[in-house]
Amino acid sequence: MDSPVLSVEDLSLDFHLRTHILHAVRNVSFDLHRGRTLALVGESGSGKSVTARALLRIVDRPGRMAGGRILLRKDGVELDLAPLAADSKAVRAVRGAHIGLIFQEPMASLSPVHTIGSQIDEMLRLHAGLDKRAARTATIALLGQVEIPNPAEMADRYTFEFSGGMRQRAMIAMALACNPDVLIADEPTTALDVTTQAEILDLIKRLQVERGMAMLLITHDMGVVAEVADDVAVMRFGKIVEQGSVDDIFHAPRHPYTKRLLASTLKLEQAAEVRAGQGGEPGPILTMHNLTKVYGGASGFLGTSKFAVKAVDGVSLTLNAGENLGIVGESGSGKTTLGRLILRTVEPSSGQVLYRDRQGRDVDVTALSKSGLRKFHADVRLIFQDPFASLNPRMTIGQIIGDPLVVAGGHTARQIEEKVAELLGLVGLDPAVMERYPHAFSGGQRQRIGIARALALDPRVIIADEATSALDVSIRSQILDLLLDIQQRLDLSFIFISHDISVVRYFCDRVAVMHRGKVVEVGSAEKICTAPEADYTRALISAVPNPDPRHKRMLHRTRFNPDLQPSA
Amino acid sequence: MTMTPSLDDAALEDGPAISGLKPGLAPTSDAAAGQWTLIARKFLAQKLAVFCGGLILALYLIGALAEFLAPGLPDTSRAQFTYAPPQSIGLFTPDGAFQPHIKGYKVEIDQEALRRTFVVDDSIIVPIGFFVEGPAYKFWGLFESNRHLVGPLDPTQPMYLLGADRLGRDLLSRLIYGTRISMSIGLIGVCLSLMLGVVLGSISGYFGGWVDTVVQRIIEVVSAMPTIPLWLGLAAAIPLTWSPVQVYFVITVIVSLLGWTGLAREVRGRFFALRNEDFVTAAKLDGSSERRVIFRHILPSLTSHILAVVTLAVPSMIIAETSLSFLGVGLKAPVVSWGVLLQDAQNIRSISTAPWLLIWPSLAVVIAVLSFNFFGDGLRDAADPYES
Amino acid sequence: MLNYILKRLVYMIPTLFGMSIISFAIIQLPPGDYLTSLMSTLADGGAPIDAATVERLRSQYGLDQPIWLQYGKWMAGILFRGDFGFSFEWNQPVAEVIWSRMGTTLALSFAALLFVWAVSLPIGIYSAVRRHSVGDYVFTFLGFIGLAVPNFIFALTLMYVSFRVFGQSVGGLYSPEYVDAPWSWAKLWDLMMHLWIPIIVIGTSGTAAMIRILRANLTDELSKPYVTTARAKGLPEYKVIVKYPVRIALNPFVSAIGWVLPELVSGVTITAIVLNLPTAGPLLLRALVAQDMYLAGSFILLLSVLTLVGMLVSDILLALLDPRIRYN
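Next up, the structure:
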């Protein structure tokens, strides 16, 4: 192997906070080689992003370099970036020119008030010394290389006129404008849908090979690592706990944390063991008929009529008692709206929801009065996505979980307290935390509290809307197993809404795939994931990164062009 | 706190690496601290805001105890002491005995300008003391007394610690009485504003739709109009024949009429933001009625913000009263407010003769406004203890 | 863009309507009308006028008609003939009294606005970038003082100080010898020497408020990811800040005209009264005290329209500055 382009030796970074010093990065060392990709993997707070930024010396205050070397090799000259001043000329000459950087959130990472073209021009004029016209010509060529259609025209557009995937392509074009030797990609596809993610990863990989760049890929997603990386470094609490080739890390991990991380990583082929032989009395508990929600369409100010958007378009689905129904789709597919329509926190435009109550009567939810709806809401509960926003910070855990009981009435304070304690035990929390406020808890713990609240009224159906999306992988699998465990004990049915097919596969018996407001395919989880029928499902499934470097899936995936579909 | 059923391994650390800024400092635990505890803690950490809070309290106390604190009455005029300059306080008499006192005046005739000027005469000593008997007053109109916190032992002697005005009235006494009027206008005005804002805001929020739109447009119109011309117009419409008490209340109403828009807008904005929070949706799904959602979940999150906004609205009320009275369309004599006092400092001639007529009332206004600003800022910063 | 401006213009109509109603309400507010106060003045002077004359005047000025008709007449006069009514005190049409005064008001407000911008922009940027530095604290403290001192007290203080230091009075726009003199460099210089006090007085609280707003906004913007992107490009730090976050933090700076301008116009009004400047302020006060209500109401209406036009300008500037607004 030739000598590395960039070597990091013993890098340490401290954050001097108001109450304490956080050692965000501790003695981290790694090498980046030409044409190879090193994936820096870790959960939130592991220090992986800070490490990436340190290479460009753009760590925000109050972060400080505490030691180590950052050696950049160029034309046989070795430059140590660590001791230089962050705003020195030498460091600035490296940024963009030798090391390019792609961020997670392309919308926020590009200026909203400058055209895409001008932001890329700036880079070329700064480092390559091109004049205005030459820079623009080069920019248009770059936009073409990242497969943006009509590059000359798109260069004059603003960020908000681009779609998410296009924005990230523009960001890539910018990072590559000056032919850097090293590309740092910080969670480049986390904010994107799976199919877009696959395209962007394809593009990055292709450009890297073409240009022979070294790449540092920062990610939390083991699937992406397996698909893209050559080498892997696993970070935890600021330290690299294990480093090796991608095959070694996945198939012969040594450090217990790596093993744990891999164990919590869900595969598309993998269903939860407890789901096997799930019984319960058969028969539908919730039925949706032709549910539709149309937004807009009314005439607006000055008589200009806006376009009507069908967020949910004629969805008919059935949830059987004791069953876990997954609803899967990308952003804008209408899956979240569907959940809200069932609960009527959003009123459907047309269609019907039928609920078979405890006495076996079918109740038309769409026609319920306020009091009837209140009863329905006691039986059908919601678990929210954001564990921070969904708990009232001004109430104690006891008050939050007990609130549904207080509202329902007929319980003494003592009974409520006992019930809350029981619920807390059920979700794996110490009943003593009742007196505390939400700010004292981590994301995973808060989600447990949210689950306890959902269970307070002994519900029969739970709608979980992206309930695990905000959590780290290891916490996520704990919460999933908790939900399955509770389901076993309490005889519940779930509607599980998620963008993450692996999670749905793990958790659900049946899956409905949504695309542009419509259900394109319903079937058993097994069938949807292994033998999908609809073209869209096939494309979706094949775009899911496979967390096994020996069986990469994304690179030979099926593509789906909705505009070629007869129905679209 | 390890509550998660963990897969912990001995080789694994259980948290990020941290070390204290100074060794041996344990962070305080706030796991069981409620909203108001956290707000109080955050507020008390801001020394300046706390100090200003104390200052505001002191000003209101001065206003409340005006009759007792003022050495004299606000409208006792003594023509022979026109524009008498401030006296200084001494503790020891020239012969070395301890006797708090002020210096007397000697009148000189300025031959050129042909007018009397006062010179503080060191040889005349006016002994002063605490809790002395002085001019009689009726405390809040309730009971009569003649005790004053400080004053000359001989009530007939002049005492002008901050100087005298054109009619020979004691500026200090007038300033203390003015504190009652000016500070109370701020407080009452802001309460009226809040009521107006809450009423209109609730109407707007309850009915929604076009009612909301109309209320919003009214707010827009009122806040786009320049305030002082509008105040002037409204205040000038007060009939001259009205009693001082009527004028006082009308001026308060006028001042609050224009202050409520900002309040209403801010509260409305926060209300709508909160209404879309997940925890509010959760409360609805828990079965809470609309009323319960508002009173149990939204209002508790709003109160601290309302408190801060209201505090920050007081200064503009005080300034409004002062400006209107200064221009002669607000409060009028015999009512004494800071603005009325400043009327005496309207032209350069009176200011240069008696600069204290400008300095002390202005200082009172500025201190009051500054204190409310700092105090309100502190409240606002502490109002949401949950934002990172 | 044209569509956008048109939309804003249409949107202004109800606001204008509301303002005219408030202004007219103020005209109608005092008990009685100009004639009653004229009558009592004349009666006090020992020369009462007979009832017939009063009735004649009353119908001549339309004071005997219902209120909404009077309003309609007043508005129609303004809109179609530029006729704002009659000033009883000056004994001439309001329009003839009002325009030169509005001109100076506009000029002074505009000058004060420029002052606010010119001072608050650099200080706001400095305070945000060098947060918690000594300079930041000094400016923050001065800003608080600036917000706390009412305009008229500030004006009086400056008057007193300049009287003490320079030994001359600073009221008016010109020294006595230049008031009627033809334009010359000396006169212009004299004007400048008089102008700085009102501009500082009027502009200070607005400046202080703007510094606070800019500082807060820029602080937010400085931590946005696009700033990191700009830094990662290799731009020098000053360019990173000036080209990106400052550019975006200018938005509230421009839209703030909406509330700074009414405040400035307010400030001009009261400061002019204290410093005896020939703007709308002193005349408005006089008209109000004398219950010359058409003049007063017209002033209030025009001053409001002035701020409204200012807001329109700020809306247009904002659209020019920010493509997100332009394209929506």
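Chains as they are written, first to last, in numbering that gives the first Met the number 0: chain A, 0 to 567; chain B, 0 to 387; chain C, 0 to 327. Each residue gets a CB set at the ideal place from its N, CA and C atoms; glycine is no exception.
Suppose you measure from the CA of Met153(A) to the CA of Asp82(C); what does that come to, to the nearest Å? Cα to Cα, the separation comes out at about 54 Å.
Of all the CB atoms in chain C, is at least one closer than 8 Å to the CB of Leu100(A)? Closer than 8 Å: yes.
Extent of the continuous alpha helix (DSSP H) to which Leu216(A) belongs: Segment 213-218 is the beta strand (DSSP E) holding Leu216(A); no alpha helix (DSSP H) there.
Residue environment, Lys131(A), which counts as buried when at least 16 other CB atoms sit within 10 Å: exposed
Roughly how many angstroms separate the alpha carbons of Thr36(B) and Gln45(B), rounded to a whole number? 15 Å
I'd like the list of long-range same chain contacts for Ala270(A), defined as Cβ closer than 8 Å, with 5 residues on each side in sequence excluded. Arg504, Tyr505, Ala524, Glu525
Endpoints, the alpha helix (DSSP H) within which Gly257(C) is located: Counting along the chain, the alpha helix (DSSP H) containing Gly257(C) begins and ends at 256-274.
Excluding the five sequence neighbours on either side, which residues of its own chain have a C-beta within less than 8 Å of the C-beta of Thr178(B), listed in chain order? Counting only residues of its own chain and dropping the five nearest sequence neighbours on each side, Thr178(B) has a CB closer than 8 Å to the CB of Leu58, Ile61, Gly62, Ala65, Trp337, Ala363.
Near Asp229(A), what residues of its chain come up, given a Cβ to Cβ distance below 8 Å and the 5 sequence neighbours on each side ignored? Arg35, Thr36, Leu37, Ser244, Val245
When you compare only the Cα positions, how much space is there between Ala31(B) and Ile396(A)? 10 Å
Length of the line joining the Cα atoms of Val92(C) and Ile77(C): Per the sequence shown, the amino acid found at residue 92(C) is Pro instead of Val. For the pair Pro92(C) and Ile77(C), the Cα-to-Cα distance works out to about 12 Å.
Per DSSP, what are the beta-bridge partners of Val510(A) in this structure? Gly325(A), Gly522(A)
His410(A), enclosing beta strand (DSSP E) - first and last residue: It is not in any beta strand (DSSP E) - His410(A) carries neither H nor E in the DSSP assignment.
Would you mind sorting Arg166(A) into buried or exposed? The rule is 16 or more other CB atoms within 10 Å of its CB. buried
Contact belief for Phe23(C) with Gly280(C) at Cβ below 8 Å, rounded distance in angstroms: Not quite, the Cβ-Cβ distance comes to about 21 Å (not below 8 Å), so this is no contact.
Can you tell me which of Pro354(B), Thr251(B), Gly185(B), Val266(B) puts its alpha carbon nearest to the alpha carbon of Ile218(B)? Val266(B)
So, does the CB of Met287(A) fall closer than 8 Å to a CB anywhere in chain C? no
Output the residue ranges of the beta strand (DSSP E) runs that lie fully inside the segment 321-379 of chain A and measure 3 residues or longer, sorted by chain position. Those beta strand (DSSP E) runs which fall completely within the segment 321-379 of chain A and span 3+ residues are 323-328, 349-355, 361-363.
According to the neighbour-count rule (16 or more other Cβ atoms, all chains shown, within 10 Å of its Cβ), is Cys507(A) buried or exposed? buried
Residues in the segment 384-405 of chain A with C-beta within 7 Å of chain B's C-beta atoms, listed in sequence order? Asp385, Ala388, Ser389, Leu390, Asn391, Pro392, Arg393, Asp402, Pro403
Same chain only: Cβ atoms within 6 Å of Thr226(B), ignoring 5 sequence neighbours per side: Leu257
Got a sec: which bits of the segment 339-369 of chain B sit with their beta carbon under 7 Å from any beta carbon on chain A, in order along the chain? none
Could you give the residue range of the alpha helix (DSSP H) that holds Asp201(A)? 193-210
How is Gln118(A) classed by DSSP in three states: helix, strand or coil? Reduced to three states, the DSSP call for Gln118(A) is helix.
Specify the secondary structure class of Lys418(A) as computed by DSSP and reduced to three states. helix
Three or more C-beta pairs closer than 8 Å, one from the segment 59-73 of chain A and one from the segment 255-271 of chain A: is that the case here? no
Does any C-beta atom of chain A lie closer than 8 Å to the C-beta of Thr280(B)? yes
Return the chain-ordered list of same chain residues with a C-beta closer than 8 Å to the C-beta of Gly276(A), the five sequence neighbours on each side being excluded. Annotation note: pLDDT 48 at Gly276(A) (below 50); position unreliable, no value reported.
What residue range is occupied by the uninterrupted alpha helix (DSSP H) comprising Tyr256(A)? 255-263
Mind listing which residues of the segment 50-76 of chain A have their C-beta closer than 8 Å to chain C's C-betas, in chain order? Arg52, Leu55, Ile57, Asp59
Please identify the residue among Trp355(B), Gly327(B), Pro126(B) whose C-alpha is closest to the C-alpha of Leu388(B). Within the shown structure, residues of chain B are numbered from 0 to 387, placing residue 388(B) beyond reach of any answer.
Are the beta-carbon atoms belonging to Gly171(C) and Leu5(C) less than 8 Å from one another? A distance of 8 Å or more separates the beta carbons of Gly171(C) and Leu5(C).
Buried/exposed call for Arg94(A), threshold 16 Cβ in 10 Å: buried
Examine chain B for any beta-carbon lying closer than 8 Å to the beta-carbon of Ala407(A), and answer yes or no. yes
Residue from Gly375(B), Pro360(B), Phe371(B) whose Cα sits closest to the Cα of Phe153(C): Pro360(B)
Run down chain F in chain order and give the residues with a C-beta less than 7 Å from the C-beta of Pro224(C). The structure shown has no chain F; the protein chains it does contain are A, B and C.
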